[in-house]
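Chains as they are written, first to last, in the numbering used here: chain A, -12 to 658; chain B, -12 to 658; chain C, -12 to 658. Here the structure comes first, spelled out in structure tokens, and everything after it is commentary.
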């Protein structure tokens, strides 16, 4: 994160595009920013065409003016490299920069995030522009962060990508023998004798739908390659900036659980994480929380920047309802509750043309401050000034980790069988939500992270056991940890080849079970089982498993596998390995995981009514509780110790019954 | 319209394709036409391939025979130029004539309406053929009308269109600076430095769905350009005919509210309007009425030709139900009730091969006259002879105008936000239907038409205020008119750029309101309000508005904007400006508009039971009422003055309780 | 079929792909095969890339090893030619082998069944490989059958196909005049003046959806051409094998009612029929039965091979439920009940990579025999040894034939109008199911088959009366047969041109009716009629017909055609012609057809409870009953004569009440 000592308070601002407006509007913007307590702007996100009108000409005059204006007005700057959309002339003269779609059609100029990552033209000019920007603006002290590209994403299937894919494969596999083995090309006689025979996996080759492939190994490698290709673009620009400004703080705006990019790999190349949070009004708050926790988790728990959110409406949903009063504030604090040290908006002034003109903004089309939305933004700005640096740099202290892994996400959803309803995030979210809605603190970690910091590691649908992750799990349990996984786990190794010898493969000894078969249930069907006296449904998949050391208390009640165990627990070394062989409902997970936490001595941050979220962050050894009332009614919570209300300054003694209006927030620091 | 004095009665006939049949069938056709009272045939609609077997050969022998045959049999002729489908050899030798689809794929030969409007080949040969036809058949006195092309429509995205689009843009904008400003290309850095950089907006460039674009300005201009391109094809053929026959009556068959072509612009180039009416059996009758009124309205109220309708079934619906007994007659008279002076069918004899062989026809596959359908056609033919010229040339005298505008249609449905359920025609139809089902006479007019003829002008969803239309509205209201518009109005000017300074933009002073925000409701959700003691739903969009001179009696009952006005009325000059800030149901519109009409002293043509439609036309100062019973039961109406039944000759004194069997029709002329 | 005297028992085995496994696994496979009673394996299905690494090199070493291994282990072999998927190098170096999709996109390498049938490369190398295999392995006595290609199917629309289509058309039509007439190209002016002007009918030319075409004649011919093209590939390989091994038994695995290929034409070129049966668990058993009966019927009743079925799960359904216990056995015997002399699985050992790794197998990923699935396979293997040759070569003796015809299937579903819900197989299945679920024995025959063997011929939706089939029907009825057809019959001749003069065309005199019109009902709507005191619905289409000699007892009860006949019977010569002018429900068909059978003195094989299927086969004059309990409950049947239980050897006297557990099977031979 941008160094919290330097910034002194939660940064507050957003994307500012003065180049869409005549200069006479700029001064009015400055007045309104001041009024709203704005202290940072992201500039230059989509200015490539303006900055570089042809191959050899660069024109920074307007950007200079803008930089000087905001600097004079005391604003900090997050400077974008502007490579999120290439200029029309570049596409016209150098069509290699255009992407080819999944269906094999070459694109023409249009849209944004439109550059082929393996285009020589893109690689040349994007890096050159980043360097020129660094050289020109390195002297600005208020330039606190660099924003490379914008919302990297998508895929390309062009000939340059095809060629680069072959190079990537050569580096990965060394020989065609290794590749043929990894992809199991003996199946359907797909053996490759020459690297040139390999083509991109898309609708014209191995796919018959976006997520339906005939060769999982090829498609999976293409996902990895595509994520790496885009990452290389990011890294090349970042390196160019760093070559000029060695201590530059560089980021790009991520998008939470975004499937196309392996953010856990990207995080290594980013100085701090920033991301764009665009929930729908009706999303459960745990959904946003899970995204925040992922964004914090991929950088080892470091605070992040909420780079974009809308002050009021979005424009791209089917029904773009208004954010209700106080919701913008509530969700801003929720970001901070999960680790944000900056709260920023898209956009500062609402565009008048093209597809985002009905997206919410700090300054609406009416142009003045007398709007509901501006008043809410202004009030929040004042509060953040009051709050100062109290929460900056705080860290979490979760004892529970949830394992998330892009290779697993990709491979589970490429799988042909057992059920098309099997979605990686659905499973993760069921477990996460059950914990989050009970105020258990959770870190979302990757396979490479340290498990030993946690008492409980949950790895729902750990389909692919990459590398030696089974060793790591084995050690974690043996040394006393509690590990949980589910159906469709341990099936394959890293090339999506089945681990033979009985499911769940390399996890079998740890879990003490053998899964003989797995029954896929149609979407409305259910089996049932009982847990601690209550009956729960078993849906989606029902594993037919045999105990090999594990124990169980719940058994299927119906069908020919009635009496077989539904979930199991295996005492292994000093710890426990738990396996849940089916999907149940949220009520089951809440009960089951609460029991699991209790067994491990883990308590919620605070006991609250449903819909009141509490997270705990630690700063210099002191606990800060964020209490967020997501409900439509007033709520109260009872303080477990004496705390100070950071927004009012009031000291609240232990046992205080603290009242929260609907959508209200409290930030409570341990004294 | 074809001169009513010359034709003497409502023309009755249809598309006749003898070229699909051996000559021995033709004589039988003549016998059956006579039996059915047919007096006009449309010939030569799809004969290009027959007339021109290669670049330089033309062969009119068979057409000569056909022309002579129908002439000898006393039939009038509407002669088509046959350019609605190009020959296979032309596509093979000159592929520039083939269209490119929205997804970028170049088409091969097939189908119809298949020529690229910017194809040099098409332009050359279509015009040459039209001229040759005019030269050859100019001497036929019975050739009463020319039918250019056929059902013009669709779009092309080929390279010739791309080049022509650039030329069109140059003519429109003059400079790239003006174009960049109009399209707001500073957004996402789309600035164009050279005209050659501009590409067609389709799935490969700015669109991600047919109606979802990233640059509204570009996509909107392409719609205008495409409509103009096809219009130029029509005009070029028309000019060729006129160069030979200066007083030729030239038309092409339109399709009612057809989105791709701006018929208000086309109408200027057409001598009379003709159109094809293909409702589904379950369509509300007001839907057909609205199409008829549009077709009459685009040519300033002049009578039109019903060029095509099916005598019984269509073949292209999912379920092609039979037209029930008497429905063909009912709908034919409905066309006349709304301004038709000719009633024609597709097709005279049912084809035996290809995709329209199960489309209804006057002469069925069985080949004789002993069918239900033929008997109905024959009876109608007799009636039209009885009717004579009584209704020819009659005009409407509506005091209410409904504003329809293609630019608004296009731009509303390209809008990204606020709601995907926002459909231009849906809103128009709600207002139209509420009036039509109460027998209020409505004209459908365009922005360029004279408002001063009307007491009430309704302009639902007047999203785009082009040119000085606001001035025209301002003057209309100031001088005593009543103007109504709705949510999502006044938002943008003609390039789809938002009018800043507060919604509804240039209409704000006229309406006396400020719309601060607009809440999009999910498809099943509703707010509510009360009007004159009854509660109505508010759905789709709820405007949050402030009164600035206007008044209101209805207020939202729920949500955080409860108490804000739902609709407003502003006394402005001598008139009133009404704003309806949400969508409600048909019951509300019926009540609300009836009240509005009453305030303006406007009465229905006749008070009837639900489902009995009445329109009024005036001929030489006399009122003609068309009474149409669309219900499944017998109905009666009470005559408000003495009238003559034009189909029976009976004189009906004022106060007569006139009985109509189910699906029956009366045409009643003021004495 | 493979000669039943040579094989001695029902063959039992499946697809075996040892090339996917290291050799150390092979010996274990042999042990497990022996354990399971496996006696045949299909080898080499997807080994083209392995056998031919480049244009001129062939490498049979591994296949030699495999052949020797299975031979030494006493297994019979069905040897595939391996041309179901071409090598990657071939696609890379000779792209003509790649198909072009229906949307016009050229494919890249990937998938299987991927070769263009008109590719010179494919034609050259596929035939050469087949011949080399024959030469190399002709000496193996255990090589009992040849398996050419694999699941032939799909379409190609490339330039080579386009050129070949023109040649095919020239051979069929001789002149363009004949072609223009057959396709009715005068419609929409599609006249062709040169063969080169003809293009493939796809999304870029005459189609707007897969099954929606603007020229039925062209699209229909392309289906015929495509089926013929693939058949020529099969025939060329078969000829190559036969040139080396004159008495080779050659087949390819068909897929039941597979729309793209006219299997009735294919059957002539196949020595015996084999097919792959992949029902979903929830399919009615009559659906599978109908496929089996088709497969038996296309080869005149000869026994066939069940080439593939899954032992447990499939992997490509949305929800891949496990086959319940005993279902694999039940369905295996059902195949035999309908004519199979071999029961085979896909696959012997479960793959570890690519898209079929979760498809069921004899040997699961766990690798040992201790699984539910293996135990069931093993038990079935034992039973088949007990059964020996008792059922081999048995034939059916149905008195009822159901007419199925690919040209009808294709043309009905290309029809534009009257209803999109009109599906050829749906209608066939309604009639078939009504008979099958009452244990009436049915043969499924083609238009060329002998009708005189049957007492009843059912031809639902005989839309197209090809050639002189009406003569054949006329003669069949005149000589005493009962013929039944339905709505939408007799409409067109073989080019899909309507037979004028009154529906149902050439069948009109036989049926003694005239169908004047046909009303298409929306999906939820129904008319009603009464049959023998019970009311039934009339849905989909309601014919409005006039009696011309026929009689009726059921009449529409609603709408304007109330009182018109619903179905008719015409005494014609010594027989009867029945016409059913609407679709009703299964209950109606069961009652109606049972009555029809009774009138013809036809009885069910056995009277049973619902869900108990009985088929009868005859061997050397003795009746063999297969009794299959498809229900979830125990059932009993009463024997109508003394029979021997072939699986237990027990003799069961006439009148025995025979008990069957749920999913159980009895095979009962007349003594």
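Virtual Cβ for every residue (Gly too), placed ideally from N, Cα, C.
Considering only residues of the same chain and omitting the five flanking positions on each side of residue 560 of chain A, which have a CB-CB separation below 7 Å?
-> 464, 465 and 466
Straight-line gap, residue 571 of chain B to residue 535 of chain B (C-alpha atoms, nearest Å) | 23 Å
Helix or strand or just coil, what does DSSP make of residue 210 of chain A?
-> helix
Check whether the Cβ of residue 213 of chain B lies closer than 8 Å to any Cβ atom in chain A.
-> no
Round the Cβ separation of residue 593 of chain A and residue 426 of chain A to the nearest angstrom and send it over; I've been treating them as touching at under 8 Å.
-> 6 Å
Euclidean distance between Cα positions of residue 70 of chain B and residue 137 of chain B = 7 Å
Take the Cβ of residue 382 of chain B as the centre, count every other Cβ of all protein chains shown within 10 Å, and call the residue buried at 16 or more, exposed below.
-> exposed
Where does residue 625 of chain C fall in DSSP's three states?
-> strand
Please go through the same chain and pick out, in chain order, the residues whose beta-carbon is closer than 8 Å to the beta-carbon of residue 296 of chain B, but skip the five residues on each side of it.
-> 263, 264, 265, 315, 318, 319, 322, 330, 331, 332 and 333
Assign residue 362 of chain C to one of two classes, buried (16 or more other C-beta atoms within 10 Å of its C-beta) or exposed (fewer than that).
-> exposed
What are the start and end residues of the beta strand (DSSP E) that includes residue 524 of chain A?
-> 521 to 534
Starting from residue 79 of chain B, follow the alpha helix (DSSP H) in both directions and report where the run begins and ends.
-> 75 to 80
Within 8 Å (strictly less), CB to CB, does residue 399 of chain B reach chain A?
-> no
Are residue 484 of chain A and residue 506 of chain A closer than 8 Å when you measure CB to CB?
-> no
Thinking C-alpha only, which one of A/288, A/599 and A/524 is nearest residue 605 of chain A?
-> A/288
Confirm, please, whether the CB-CB distance from residue 599 of chain A to residue 616 of chain A is below 8 Å.
-> yes
Enumerate, from N- to C-terminal direction, the unbroken beta strand (DSSP E) stretches of 3 or more residues contained entirely within the region 52 to 115 of chain B.
-> 63 to 67
Contact residues within the region 171 to 194 of chain B, judged by C-beta distance below 9 Å to chain A = 171, 172, 173, 174, 175, 176, 177, 178, 179, 180, 181, 183, 184, 185, 186, 187, 188, 189, 190, 191, 192, 193 and 194
Using beta-carbon positions only, say whether residue 429 of chain A and residue 270 of chain A come within less than 8 Å of one another.
-> no
Continuous beta strand (DSSP E) stretch holding residue 518 of chain C: start and end | 514 to 518
Spell out a yes or no on whether the region 25 to 33 of chain B and the region -3 to 6 of chain B are touching, meaning 3 or more CB-CB pairs, one atom from each, closer than 8 Å.
-> yes
Could you check where the alpha helix (DSSP H) with residue 464 of chain C kicks off and where it finishes?
-> 456 to 465
Ignoring anything shorter than 3 residues or poking outside the region 173 to 227 of chain C, list the beta strand (DSSP E) runs there in chain order.
-> 194 to 196
Compute the Euclidean distance between the alpha carbons of residue 242 of chain A and residue 0 of chain A, then round it to the nearest angstrom.
-> 18 Å
In whole angstroms, what is the alpha-carbon distance linking residue 62 of chain A and residue 52 of chain A?
-> 14 Å
Give the residues from the region 88 to 110 of chain C that approach chain B closer than 9 Å (Cβ to any Cβ), ordered along the chain.
-> 90, 91 and 92
Residue 290 of chain A versus A/341, A/305, A/364 and A/379, residue with shortest Cα-Cα distance | A/379
C-alpha distance - residue 629 of chain B paired with residue 550 of chain C, whole-angstrom precision | 42 Å
Just how far apart, CA to CA, sit residue 226 of chain B and residue 170 of chain B?
-> 34 Å
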